[in-house]
Amino acid sequence: MGHVPDTITITDDRTGKSVTVPITDGVFPSSALRELDPSLFMYDPAYLSTAACKSAITFLDGDAGILRHRGYPIEQLAEHSTYLEVAYLLIHGELPSQQELDTWTYEITHHTFMHENMRKRFVDGFHYDAHPMGMFVSAIAALGTFYDDAKQLGDEESRDKQILRLIAKAPTLAAMCHRFSVGLPFFLPDNELSYAANFLTMMWKIGEYDVHPVLERAMDVLFILHADHEQNCGTTAMRVVGSSHADPYSSAAAAAAALYGPLHGGANEQVVRMLGDIGSIDNVDEFVGDVKGGKGRLMGFGHRVYKNYDPRAQIIKQTAYEVFEVTGKNPLLDIALKLEEAALADSYFADRRLYPNVDFYSGLIYQAMGFPIEMFTVLFAIPRTSGWLAHWQELLGDEDQKISRPRQWYAGPEERDYVKLSER
Ligand code: SDX
């Protein structure tokens with residue numbers, strides 16, 4: 002057969018007009034439609050079939066279960082890298098040299114402190130039982146009010162400074178939210194510790210506290226696995242808000258708010274609640290039957306992109322066993338394993354290509370490490386901050402991009418005249 006052109010031709014049958022556009026890397030410009038009819042728009046709720054941007058940060062292949070950051074497979078990064086090195090890779094596009102990594106680590110480490118007024122005047126102002134993720138979302142936005150230079154988006158040095166501040170302060174903010182919610186005094190960052198060890202120390206230190214190396218590494222691997230994931234809901238929020246040239250703190254607060262949702266980053270909290278409600282492996286089959294009957298969802302299963310095993314879930318499952326060696330096995334693990342086995346063997350889930358995602362096992366590890374269930378999504382937000390910022394930075398440098406403003410399919414009433422109250 003002759004050469005098949007990489008093009009798509011769209012014909013408007015109402016006029017017989019056609020337009021042929023190139024297909025590049027699996028996408029074509031939907032603006033071609035406007036050449037046929039300027040009033041024509043594609044209807045694509047929740048963007049299931051829309052590439053909203055061009056990005057070089059993360060590549061996913063949902064059918065093959067592939068996740069790569071700047072070309073590096075997540076399996077190799079989880080085994081050989083650290084979260085700070087992956088954050089550098091996401092932001093700068095290349096793995097750092099030793100000197101670049103040392104400088105990056107020094108800069109991040111020396112930006113972990115928070116302005117005292119954030120603690121005394123802001124965090125202390127929350128209600129005693131405020132949910133830590135609600136606090137985190139608010140605190141990220143509040144943080145921006147301390148740095149007016151954050152609005153200078155055209156100043157690369159200022160942008161870089163805000164990126165450092167947000168990545169560095171996310172763990173400090175997270176630990177502050179936890180300590181507030183359990184009525185403990187805050188513990189200030191220790192610049193002698195690694196990123197993960199510093200976070201765990203700010204979380205747990207009361208008197209003597211030494212971070213267990215297995216838990217330090219497990220925390221860092223979990224940070225690596227949650228750092229970025231292409232155009233997920235939270236990152237899309239970061240890009241949409243960032244496209245109006247809002248400062249990066251306001252944009253990151255919007256991203257964190259999206260992550261808070263139970264269908265997104267809030268799922269790890271919902272998985273552990275679901276496993277607790279199931280209560281015993283004897284109840285798993287009944288629960289699966291309820292889900293198949295439409296009574297709720299199997300949280301931690303399914304994904305918009307992965308129609309195969311989420312590669313992160315495999316690594317998290319391995320990490321869980323390493324953590325349980327230190328902490329003792331989470332009793333909910335047996336229920337999770339039985340639930341996974343039952344779901345993977347059931348055509349309801351197979352037909353819908355529903356597999357465990359990143360949230361299915363992560364909560365079991367967090368719970369075994371002692372984190373309150375309300376902190377699970379905050380643990381997702383800490384590392385995702387670097388992914389959000391990498392996309393924010395890429396957006397600002399993308400000549401194709403402008404303020405996000407989609408159109409709509411109007412389905413409301415036609416024009417009609419106002420009716421006086423007395424006549425209604
Ligand atoms: C994350 O996008 C990302 O990259 C996100 C993330 C990241 O790193 O940023 O990977 C993190 O958010 C992971 C997902 C965490 N959420 C959950 O675990 C919540 C449970 N899962 C779902 O609600 C759901 O699978 C989504 C939200 C993840 C994806 O939903 P989609 O793509 O919109 O799929 P859908 O809702 O259209 O479902 C397709 C079918 C439906 O059945 P039918 O109506 O066709 O009969 O599958 C069913 C759904 O009812 N289905 C499920 C299900 N997920 C989908 N049925 C039971 N249990 C589930 N979990």
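This note's numbering applies: residue 2 is where the sequence shown begins, and numbers increase by one.
C-beta atoms are modelled at their ideal positions from N, C-alpha and C, and glycine is treated no differently.
Keep in mind it's a predicted model, so treat the numbers as computed, not measured.
query                                                                                                                                                                                : result
Please report the straight-line C-alpha distance between arginine 35 and aspartate 13, rounded to a whole angstrom.                                                                  : 11 angstroms
Throw me the rounded Cβ distance for the aspartate 229 and isoleucine 58 pair, which I believe falls under 8 angstroms.                                                              : 6 angstroms
Considering Cα atoms alone, identify which of Glu76, Thr8 and Lys55 is closest to aspartate 311.                                                                                     : Glu76
Tell me the DSSP secondary structure of phenylalanine 114 in three-state form.                                                                                                       : coil
The beta strand (DSSP E) with aspartate 161 in it runs from where to where?                                                                                                          : Segment 157-182 is the alpha helix (DSSP H) holding aspartate 161; no beta strand (DSSP E) there.
Does the Cβ of leucine 390 lie closer than 7 angstroms to at least one heavy atom of the ligand SDX?                                                                                 : no
Would you check if there are 3 or more beta carbon pairs closer than 8 angstroms linking the segment 95-112 to the segment 252-259?                                                  : no
Using a threshold of 7 angstroms, is the CB atom of aspartate 291 nearer than that to any non-hydrogen atom of the ligand SDX?                                                       : no
CB of asparagine 118 to nearest heavy atom of the ligand SDX: below 7 angstroms?                                                                                                     : no
Apart from the five residues just before and just after lysine 318, which ones in its own chain have a Cβ nearer than 7 angstroms to its Cβ?                                         : Tyr362
For the alpha helix (DSSP H) that contains lysine 339, what are its first and last residues?                                                                                         : 333-345
For the beta strand (DSSP E) containing aspartate 62, list its first residue and its last residue.                                                                                   : 59-62
Got a sec? Which residues, its chain only, sit under 8 angstroms from asparagine 309 by beta carbon, not counting five neighbours each side?                                         : Gly63, Asp64, Ala65, Gly66, Arg354 and Tyr356
How would you write the range of the beta strand (DSSP E) that isoleucine 374 sits in, first residue to last?                                                                        : Segment: none, isoleucine 374 is in no beta strand (DSSP E) and carries neither H nor E.
Apart from the five residues on each side of it in sequence, which residues of its chain come closer than 6 angstroms, Cβ to Cβ, to serine 387?                                      : Ala88, Leu91, Ile168 and Ala228
Taking only the alpha-carbon atoms, compute the straight-line gap between arginine 166 and aspartate 352 and give it to the nearest angstrom.                                        : 45 angstroms
Return the chain-ordered list of same chain residues with a C-beta closer than 7 angstroms to the C-beta of threonine 282, the five sequence neighbours on each side being excluded. : Looking at the sequence shown, residue 282 is not threonine but isoleucine. Asp335, Ile336 and Lys339, listed in sequence order.
Could you check the C-alpha separation between serine 32 and serine 56 for me, to the nearest Å?                                                                                     : 19 angstroms
Contact check, glycine 364 vs valine 273 under 8 angstroms by CB: the rounded distance?                                                                                              : 4 angstroms
Could you please give me the residues that DSSP links to isoleucine 9 through a beta bridge?                                                                                         : Val22
Can you list, in chain order, the residues of its chain whose CB lies under 7 angstroms from that of valine 285, leaving out five sequence neighbours each side?                     : Ile279, Ile336, Lys339, Leu340 and Ala343
Quick one: is the Cβ of cysteine 54 within less than 7 angstroms of any heavy atom of the ligand SDX?                                                                                : no
Just mark threonine 8 as buried or exposed, buried being the case when its beta carbon has 16 or more other beta carbons within 10 Å.                                                : exposed
Whole angstroms is fine: what's the gap from proline 39's alpha carbon to threonine 236's?                                                                                           : 30 angstroms
Distance, Cα to Cα, tryptophan 105 vs glycine 297?                                                                                                                                   : 45 angstroms
Is there a C-beta anywhere in chain D that falls below 8 angstroms from the one on aspartate 62?                                                                                     : Reference to chain D is not applicable here, since this structure consists of a single protein chain.
For a test of your reading of the model: does the CB of arginine 353 fall under 7 angstroms from any non-hydrogen atom of the ligand SDX? Yes or no.                                 : yes
Would you report the Cα separation of glycine 243 and asparagine 233, rounded to the nearest angstrom?                                                                               : 15 angstroms
Once DSSP output is grouped into helix, strand and coil, what is the label at aspartate 107?                                                                                         : Here residue 107 is tyrosine; the residue named in the question, aspartate, does not match the sequence. DSSP places tyrosine 107 in helix when its eight states are reduced to three.
Which residues in the same chain have their Cβ closer than 8 angstroms to the Cβ of tryptophan 205, if we skip the five residues on either side of it in sequence?                   : Gly371
Counting pairs of beta carbons, one from the segment 133-144 and one from the segment 255-268, are three or more of them closer than 8 angstroms?                                    : yes
The ligand SDX and arginine 305: does any heavy atom of the ligand fall closer than 7 angstroms to the residue's C-beta?                                                             : yes
Rounded to a whole number of angstroms, what is the C-alpha to C-alpha distance between tyrosine 349 and glycine 267?                                                                : 24 angstroms
Are the beta-carbon atoms belonging to threonine 320 and valine 222 less than 8 angstroms from one another?                                                                          : yes
Give the secondary structure of phenylalanine 381 by DSSP, where H, G and I count as helix, E and B as strand, and everything else as coil.                                          : helix
Identify the continuous beta strand (DSSP E) that holds isoleucine 366 and give its terminal residues.                                                                               : First-last for isoleucine 366: 360-369, but that is the alpha helix (DSSP H), not the beta strand (DSSP E).
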